[in-house]
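Enquirer:
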Amino acid sequence: MTFKYYCVLVLMFLCAITQAQPPNISYTYEYPYTDGIPFFRYTERREALRNAHSDKSLILSLSADTRNRQNDVNHPYRQSSNFLYLTGIPYPQTALILAPGGIMHEGKLSKEFLFINPRTTSKEAWEGALMGIEEARMLGIETILPYSSLQAFVMEHLNGKDTLYFTGLPTTNIPIPLSDKPLSIEQRVKDEVHKTFPDLYIKTSMQKLIAMREMKDTDEIRLMKKAIDISIEGHISAMKQARPGINEYELEAMMEYTFKKEGAEDIGYSSIMGAGYNACILHYNSNRKATLNGDLVLADCGAEYHNYTADITRTFPVNGRFTPDQKTLYDIVLEAADSAILASTIGNSFRAPHNAAKNVLLKRLQSLGIIETEEQLKWYFMHGTSHYLGLDVHDPGTGGTLKDGSVITVEPGLYIPPGSPCDKRWWNIGIRIEDDILIGQQGPVNLSESLPRTTDGIEQLMRK
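Mapping of the sequence shown onto our numbering: position 147 corresponds to residue 398, and the numbering continues sequentially without gaps.
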């Protein structure tokens, strides 16, 4: 077969595919989050963000870009969290403009504009029904325009503005080989815009939006509780099926199967399932090792439900029984966690839980002779105790005092890898206990408390 003949056949095949779509096909669109955030919440958020900025500013929120896998198919799509927070739209090639001072468009003054692709039957034959211009009206956004008009619209209406805010850029940077500096997408955007608007300020960090996301409303807390409850079921499933010789990836599969079975759309982050010495590696996620009798397994896994994620860690003996030394260190970490939770109260500094946990670990490890000085604690506890939680596993927050409605993690740990400068009896023990804590008027609420946290509770669960 000649190359020319081959090309003709390929063209005929592609033409046949194009013509194979029957005319007048109508695919039914359904919004995917029927029990998600009510649309009025998004309206309130957009209004609050607009009201915090001057009439001479423009706010541009862009959807996340798609990530291609080896020029073949795209990776599973995950929307930009800031864009989701303001719109509830989970699709690419969409954008939002907020104009605090308003913009006249076709005889109408609007303060918010959504840009989205119109629906096309040929595309939906491959991807299913998508939200288009008409469907997007359910969101309550004032003016909806084709996505193709976004660039021209922005350039037209930057006249007279002093500041352009981005809620985030789709890709933060591109590493350049043989250079110690990344190619900043932010700088490229600034350079391009400044060609036409040299005096325009361009900002990619919005403190008001960070503060808004730190404080969770009742619907966000409801979805986070759902993600946490699903995650608890996954942890229980993995613990109950654990046995010496099982592979880390088998435990991971049991965990994530349960997440999907209980309704989670995804995992909130790559699951950590570290057995033995792997439990001492903070972000270990190869999950390929076969467990040995006597290993502790550190399982740091969280489900994502309607884009909100849990973040839970439990450490358990693969054979169902803690050794005396494992129990000793586990109880120290548990005491540190309990102290940190007690410190998670309104008005306390964000560092207060960490300081409480650190004080317990320091005192107990010194009494065991594992360390002598405070500086040496960093050998075995080298990370912070808390971070904010929400749409992202490391959600944005101000880092100031703890506030009513915030959700943080409490996750102290001890990690003693082989070769550590302490008695060998403690080597290969890695322990972390992580719970999701709601800061409230009545004190801290442990949203993941129903998952056993004590050595007795874990052993009893694993015996069932």
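Built from N, CA and C at the ideal position, the CB exists for glycine as well.
Computed from a predicted model, the values in this text were never measured in an experiment.
Once you ignore the five residues that flank R565 on each side, which residues in its own chain have a CB closer than 6 Å to its CB?
Expert: Closer than 6 Å at Cβ, skipping near neighbours: H486 and A550.
Enquirer: Would you mind listing the alpha helix (DSSP H) stretches within the stretch 612-640 that are 4+ residues and don't spill past its ends, in chain order?
Expert: If we require 4 residues or more, the stretch 612-640 turns out to have no alpha helix (DSSP H) run fully inside it.
Enquirer: Check each candidate in T338, F291 and N325 and name the one with the smallest Cα separation from L313.
Expert: Cα-wise, what sits closest to L313 is T338.
Enquirer: Just grab the DSSP bridge partners of T414 for me.
Expert: According to DSSP, T414 bridges with S308 and Y452.
Enquirer: Just grab the DSSP bridge partners of C552 for me.
Expert: DSSP lists I563 as partners of C552.
Enquirer: So the beta strand (DSSP E) M524 belongs to, where does it begin and stop?
Expert: Per DSSP, M524 belongs to the beta strand (DSSP E) from I523 to A526.
Enquirer: What are the partner residues of A541, as DSSP defines its beta bridges?
Expert: The partner list for A541 (beta bridge, DSSP) reads N498.
Enquirer: If the criterion is Cβ atoms closer than 8 Å, does the pair L653 and H557 meet it?
Expert: Not in contact: L653 and H557 (Cβ atoms no closer than 8 Å).
Enquirer: Our contact map puts E503 next to N544 with C-beta atoms below 8 Å; I'd like the distance itself, whole angstroms only.
Expert: Actually they do not touch by this definition, with Cβ atoms about 20 Å apart.
Enquirer: Based on Cα-Cα distance, which residue from E626, S595, I709 and R615 lies nearest to R572?
Expert: The shortest Cα separation from R572 among E626, S595, I709 and R615 belongs to I709.
Enquirer: Could you check the C-alpha separation between N325 and L585 for me, to the nearest Å?
Expert: One C-alpha to the other measures close to 42 Å.
Enquirer: Are the Cβ atoms of D716 and K307 separated by less than 8 Å?
Expert: Any property of residue 716 remains undetermined from this structure, which presents the chain solely from 252 to 715.
Enquirer: Please identify the residue among A588, C673, T624 and S595 whose C-alpha is closest to the C-alpha of Y639.
Expert: Nearest of A588, C673, T624 and S595 to Y639, Cα basis: S595.
Enquirer: Do A489 and A515 have their C-beta atoms closer together than 8 Å?
Expert: Not a contact, by the Cβ cut-off of 8 Å.
Enquirer: With P369 and P397 assumed to form a contact (beta carbons below 8 Å), what rounded beta-carbon distance in angstroms separates them?
Expert: Correct: roughly 6 Å between the Cβ atoms.
Enquirer: Out of G620, I481 and A541, which one is the CA nearest neighbour of E513?
Expert: Taking only the C-alpha atoms, the option nearest E513 is I481.
Enquirer: Give every residue of the same chain whose Cβ lies closer than 6 Å to the Cβ of T294, excluding the five residues on either side of it in the sequence, and list them in chain order.
Expert: Same-chain partners within the cutoff: G391.
Enquirer: Under three-state DSSP, which class holds A591?
Expert: If DSSP states are grouped into helix, strand and coil, A591 belongs with the helices.
Enquirer: Using DSSP bridges, identify the partner residues of P568.
Expert: Bridge partners of P568: L547.
Enquirer: Which value, in whole angstroms, describes the spacing of the CA atoms of M406 and M382?
Expert: The alpha-carbon atoms of M406 and M382 are separated by roughly 26 Å.
Enquirer: Please report the Cβ distance between L655 and I690, rounded to the nearest whole angstrom; I am assuming they are in contact, meaning their Cβ atoms lie under 8 Å.
Expert: The amino acid at residue 655 is misidentified as Leu; the sequence shows Asp. Contact holds; Cβ gap of about 6 Å.
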